[in-house]
Amino acid sequence: MIKNKKVSSSHYDVKDDLIVPEASDQFVVTSYVKDIIERALVYLNAGYPVHFAGPSGTGKTTLAFHLATQWGRPVTLLQGNEEFVSSDLTGKDVGYRKSSLVDNYIHSVLKTEEQMSRMWVDNRLTTACRNGDMLIYDEFNRSKAETNNILLSVLSEGILNLPGSRGAGEGYLDVHPSFRAIFTSNPEEYAGTHKTQDALMNRMITINVGLSDRETETEILHARSDLGLTESRYIVDVIRELHGNDHETKHGLRAGIAIAKICKIQGFKPRFGDKLFHAICYDVLSMETAKVQHAGHSIIHEMIDSVIRKYCPPVGSDAIKVTTKIKMVEL
Ligand SMILES: Nc1ncnc2c1ncn2[C@@H]1O[C@H](COP(=O)(O)OP(=O)(O)OP(=O)(O)O)[C@@H](O)[C@H]1O
Ligand SMILES: [Mg+2]
1055 MIKNKKVSSS
1065 HYDVKDDLIV
1075 PEASDQFVVT
1085 SYVKDIIERA
1095 LVYLNAGYPV
1105 HFAGPSGTGK
1115 TTLAFHLATQ
1125 WGRPVTLLQG
1135 NEEFVSSDLT
1145 GKDVGYRKSS
1155 LVDNYIHSVL
1165 KTEEQMSRMW
1175 VDNRLTTACR
1185 NGDMLIYDEF
1195 NRSKAETNNI
1205 LLSVLSEGIL
1215 NLPGSRGAGE
1225 GYLDVHPSFR
1235 AIFTSNPEEY
1245 AGTHKTQDAL
1255 MNRMITINVG
1265 LSDRETETEI
1275 LHARSDLGLT
1285 ESRYIVDVIR
1295 ELHGNDHETK
1305 HGLRAGIAIA
1315 KICKIQGFKP
1325 RFGDKLFHAI
1335 CYDVLSMETA
1345 KVQHAGHSII
1355 HEMIDSVIRK
1365 YCPPVGSDAI
1375 KVTTKIKMVE
1385 L
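Heads up: the sequence shown is residues 1055 to 1385, going by the working numbering.
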């Protein structure tokens, strides 16, 4: 049992199996983010689960944790998994408890009585429903649809249906009225995800999290890397132009954050003509864009070079500082 263990992220504190969310000062709140969080809080208040759907790296998990900090209840975290079966969510019998009573009070009479009872251990969904926690079910569509079926009655009737093997009267659990859930999912066409059944989707309110606006992206790069705002904006512009309308489906925010962090840690700026900066962009951005070809060879390096030329100042431009001295002339 983990007691009051602090995890490395500043987002949350783990107590036993519970997460106590703390607001992170690296979380960026722009009007785009605020608008999503406010809407989500309205839905939670009305008793509905919230579902953040969108491509990888668009900030769904981060939003889910931030929303949970705003909600203020302890958090139980579940991570979708192909291998999960319902008992991984609810709990299961882990064996038998045998108790025996030996009564030899009158020495000529020996009475023994034996009892076997099943031992049940709650899993996270059951604990959350019992205690009224906030359940974050991250990437829930990585679990099979039949595994997630157990959530149907939880979300609509407020009843958790536990396997019949439990003791009399324990087959159902009334869900605590404070119980709420936040789901996140990646699009169905992503490898390893399952088609989510409509019945489950109907029971939650889906907010599509797509490409954030330029300012939000810039603020996030700045907050996550500590690179200056102007320099972060150069990187954002380069990536947005390179990916065009496909931007969100390609890298989300992670590529930009990686480039900004490397620049900050290595102590250089995004500049046209800086060989290292160009090379880092080739490496970080070429995974998807390598498919762009002309006459049989990849033209991604040429594309990156020309976009860097368009948005970043040339190397050496920082050295030229124009200082204008104004002399006050007494008339
Ligand atoms: N509002 C925000 N403030 C600060 N950082 C953010 C914010 N939104 C996203 N990020 C950062 O962007 C990166 C991607 O976010 P996150 O992991 O939440 O994306 P995701 O949509 O859950 O991705 P995946 O689908 O791959 O799990 C992370 O490094 C995260 O810290
Ligand atoms: Mg995520």
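All residues carry an ideal CB built from backbone N, CA and C; glycine is no exception.
Is the beta carbon of L1227 sitting closer than 9 Å to the one on R1178? Counting from 1 along the sequence shown, the entry for residue 1227 is found at position 173. Counting from 1 along the sequence shown, the entry for residue 1178 is found at position 124. No, they are not a contact pair.
Alpha carbon to alpha carbon, what distance is there between E1076 and S1064? Along the sequence shown, read from residue 1 onward, the residue named residue 1064 stands at position 10. Along the sequence shown, read from residue 1 onward, the residue named residue 1076 stands at position 22. With a pLDDT of 38 at S1064, under the threshold of 50, the modelled position of that residue is not reliable, and the figure given next carries that caveat. C-alpha separation (whole angstroms): 7 Å.
Under a three-way DSSP split, which group does D1372 fall into? Stepping through the sequence shown from its first residue, residue 1372 is reached at position 318. Coil.
According to DSSP, what are the bridge partners of R1294? Start at 1 with the first residue of the sequence shown, and residue 1294 comes out as number 240. DSSP, once it has assigned bridges, lists no residue as partnering R1294.
With three or more C-beta pairs closer than 8 Å as the rule, is the region 1102-1119 touching the region 1257-1267? yes
Put R1268 into one of helix, strand or coil per three-state DSSP. Your numbering for residue 1268 matches position 214 in the sequence shown. If DSSP states are grouped into helix, strand and coil, R1268 belongs with the helices.
Of the residues G1111, L1339, F1233, the one placed nearest T1181, counting alpha carbons only: What you label residue 1181 is simply residue 127 of the sequence shown in a count that begins at 1. Nearest of G1111, L1339, F1233 to T1181, Cα basis: F1233.
Identity of the residues DSSP links to G1145 by a beta bridge: By one-based count along the sequence shown, residue 1145 stands at place 91. The partner list for G1145 (beta bridge, DSSP) reads D1176.
Kindly provide the chain-ordered list of residues whose Cβ lies closer than 7 Å to any non-hydrogen atom of ligand 3. Ligands in the displayed structure: ligand 1 and ligand 2; ligand 3 is not one of them.
Where does A1107 fall in DSSP's three states? Looking up residue 1107 in the sequence shown gives position 53. Here A1107 sits in strand by DSSP.
Throw me the rounded Cβ distance for the E1168 and K1152 pair, which I believe falls under 8 Å. To locate residue 1168, count along the sequence shown from 1; it is residue 114. To locate residue 1152, count along the sequence shown from 1; it is residue 98. The Cβ separation is near 7 Å, so the contact holds.
Check whether the Cβ atoms of D1192 and A1118 lie closer than 9 Å to each other. Along the sequence shown, one-based indexing puts residue 1192 at 138. Along the sequence shown, one-based indexing puts residue 1118 at 64. The answer is yes: Cβ separation under 9 Å.
Residues in its own chain within less than 8 Å of L1296 by CB, not counting five upstream and five downstream? Along the sequence shown, one-based indexing puts residue 1296 at 242. These residues qualify, in order along the chain: L1339, T1343, M1357, I1358, V1361.
Judging by CA-CA distance, which residue of A1100, V1148, F1194 is the nearest neighbour of W1174? Counting from 1 along the sequence shown, the entry for residue 1174 is found at position 120. Measuring from the Cα of W1174, the nearest candidate turns out to be V1148.
Spatial neighbours of L1189 within its chain, please: C-beta separation below 6 Å, excluding the five flanking residues on both sides. Here residue 1189 refers to the residue found at position 135 of the sequence shown. Around L1189: T1130, A1182, A1235.
In angstroms, rounded to a whole number, what distance separates the CA positions of R1127 and A1253? For the purposes of this step, residue 1127 is identified with residue 73 of the sequence shown, where counting begins at 1. For the purposes of this step, residue 1253 is identified with residue 199 of the sequence shown, where counting begins at 1. Spanning the two alpha carbons is a distance of roughly 27 Å.
Counting C-beta neighbours from all protein chains within 10 Å, is the total for H1161 16 or more, i.e. buried, or is it exposed? Taking the sequence shown and counting its residues from 1, the one referred to as residue 1161 is at position 107. Exposed, because fewer than 16 other Cβ atoms sit within 10 Å of the Cβ of H1161.
For a test of the three-state rule: what should DSSP assign to I1073, helix, strand or coil? Taking the sequence shown and counting its residues from 1, the one referred to as residue 1073 is at position 19. Here I1073 sits in strand by DSSP.
Rounded to the nearest angstrom, how far is the Cβ of I1289 from that of L1275, given a contact under 8 Å? As a working mapping, residue 1289 is identified with position 235 in the sequence shown. As a working mapping, residue 1275 is identified with position 221 in the sequence shown. 6 Å between Cβ atoms; contact.
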